[in-house]
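Structure first, then comments.
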Amino acid sequence: PYSAHIIFHALEKINEEGSIDDYNALIEPIIHLACCTPDARLLYPPRYEQEKREVFIYWEANRDKYLFHPSEEESILKATKTTQMLLRWIDGVPYSDLAGFAPQGIIKNIGENISWIIKSMKRIAEPPLFNFAEEFYEFLERSSDRVKYGVHDNAVNTMKLNIPAIHRHRAMLLADAGYTSLESLINAKIDDLEKVKGIDRKLATTIKEHVEQFIEDKMERKRQYFIRRAKELGR
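My numbering applies: residue 945 is where the sequence shown begins, and numbers increase by one.
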């Protein structure tokens, strides 16, 4: 209930400010807001005095744009540090460069937790409590997905397909090459996918095999299957 209370009053602030010009500028405040709720499973606070000072300086520099201000210093440090980590996470920073924050499994777990809270924000923001522009609800949905998967906006659809061996880094490489949707992957040729960095013939074939199941037209699905099998057989 207290998480919902915090979110409700933050949404009131956004509502009072009127139309939103830049949704990208809202992503950090939204992530920080989620990190401030009691439902957020956060990282431990900074362990060293130097780290504490750096995180607190960051908090002081950014607090005016944040939607909630914790009263306790430990909560401030935890929420700010986790926000810093998740901003790097959604920007596609490799796990190796995030090791100073937390181990790989914990980062993913925190991302899923904060993603769920952001999705809850969307539900609270809906009528009858509020009536935001449709773009705001779409922004919250996209932000939730990005925090869950740790990718740029254009790689979210690929991650949602759960293609074997396509982790966040490969999904972003595919997106950079123009493969940002199910349709683009269905229409792609194995030879073209193979040109993408990090995608070999075997993985390109796996991608095609996986996306076949989403083709609704049975004849087209069969046609794609036979094209893929012909490639596998070298014909």
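Ideal placement from N, C-alpha and C gives every residue a C-beta, glycine not left out.
Could you tell me how far apart the beta carbons of residue 1105 and residue 1155 are, in whole angstroms, since I believe they sit closer than 8 Å? Numbered from its first residue, the sequence shown carries residue 1105 at position 161. Numbered from its first residue, the sequence shown carries residue 1155 at position 211. About 7 Å separates the CB atoms of residue 1105 and residue 1155; that is less than 8 Å, so the two are in contact.
Is the CB-CB distance between residue 1116 and residue 1100 below 7 Å? Taking the sequence shown and counting its residues from 1, the one referred to as residue 1116 is at position 172. Taking the sequence shown and counting its residues from 1, the one referred to as residue 1100 is at position 156. Against a cut-off of 7 Å, the Cβ pair of residue 1100 and residue 1116 comes out as no contact.
By DSSP, does residue 1175 sit in helix, in strand, or in coil? What you label residue 1175 is simply residue 231 of the sequence shown in a count that begins at 1. In the structure shown, residue 1175 sits in a helix (DSSP, three-state: H, G or I).
Buried versus exposed, by CB contacts within 10 Å (16 or more), residue 1170: Residue numbering aside, residue 1170 sits at position 226 when the sequence shown is read from its first letter. By the Cβ neighbour-count rule, residue 1170 is exposed, with fewer than 16 other Cβ atoms within 10 Å of its own.
What runs of the beta strand (DSSP E), each 3 residues or longer, lie entirely inside the region 1072-1147? Taken in chain order, the complete beta strand (DSSP E) segments of 3 or more residues contained in the region 1072-1147 number zero; there are none.
When you compare the CB positions of residue 948 and residue 1012, do they come within less than 7 Å of one another, or not? Residue numbering aside, residue 948 sits at position 4 when the sequence shown is read from its first letter. Residue numbering aside, residue 1012 sits at position 68 when the sequence shown is read from its first letter. Not closer than 7 Å, so no.
So for residue 1026, helix, strand or coil by DSSP? Looking up residue 1026 in the sequence shown gives position 82. Assignment of residue 1026 by DSSP, reduced to helix, strand and coil, places it in the helix class.
Contacting residues, own chain, Cβ-Cβ under 7 Å from residue 1126 (five flanking each side not counted): The sequence position of residue 1126 within the sequence shown is 182, counting from 1. Result list for residue 1126: 1101, 1105, 1155, 1158, in chain order.
Helix, strand or coil, according to DSSP, for residue 1153 in the structure here? Stepping through the sequence shown from its first residue, residue 1153 is reached at position 209. Reduced to three states, the DSSP call for residue 1153 is helix.
On the criterion of 16 or more Cβ atoms from any shown chain inside 10 Å, does residue 1177 qualify as buried, or is it exposed? Here residue 1177 corresponds to residue number 233 of the sequence shown, with the count starting at 1. Residue burial annotation: residue 1177 is exposed, with fewer than 16 other C-beta atoms found within 10 angstroms of its C-beta.
Can you tell me the Cα-Cα spacing of residue 1021 and residue 1014, whole angstroms? Translated into the one-based positions of the sequence shown, residue 1021 becomes position 77. Translated into the one-based positions of the sequence shown, residue 1014 becomes position 70. Spanning the two alpha carbons is a distance of roughly 9 Å.
Buried or exposed for residue 1065, please, with buried defined as at least 16 other CB atoms from any protein chain shown within 10 angstroms of its CB. Taking the first residue of the sequence shown as position 1, residue 1065 is located at position 121. Counting the other Cβ atoms within 10 Å of the Cβ of residue 1065 gives 16 or more, which makes it buried.
With distances taken from CA atoms, which of 1162, 1083, 1075 is nearest residue 962? The residue you call residue 962 lines up with position 18 of the sequence shown. Measuring from the Cα of residue 962, the nearest candidate turns out to be 1075.
Nearest residue (CA-CA) to residue 1131, options 1086, 1040, 1152, 1031: Reading the sequence shown from its first residue, position 187 is the one you call residue 1131. Of all alpha-carbon atoms in 1086, 1040, 1152, 1031, the one lying nearest the alpha-carbon of residue 1131 is that of 1152.
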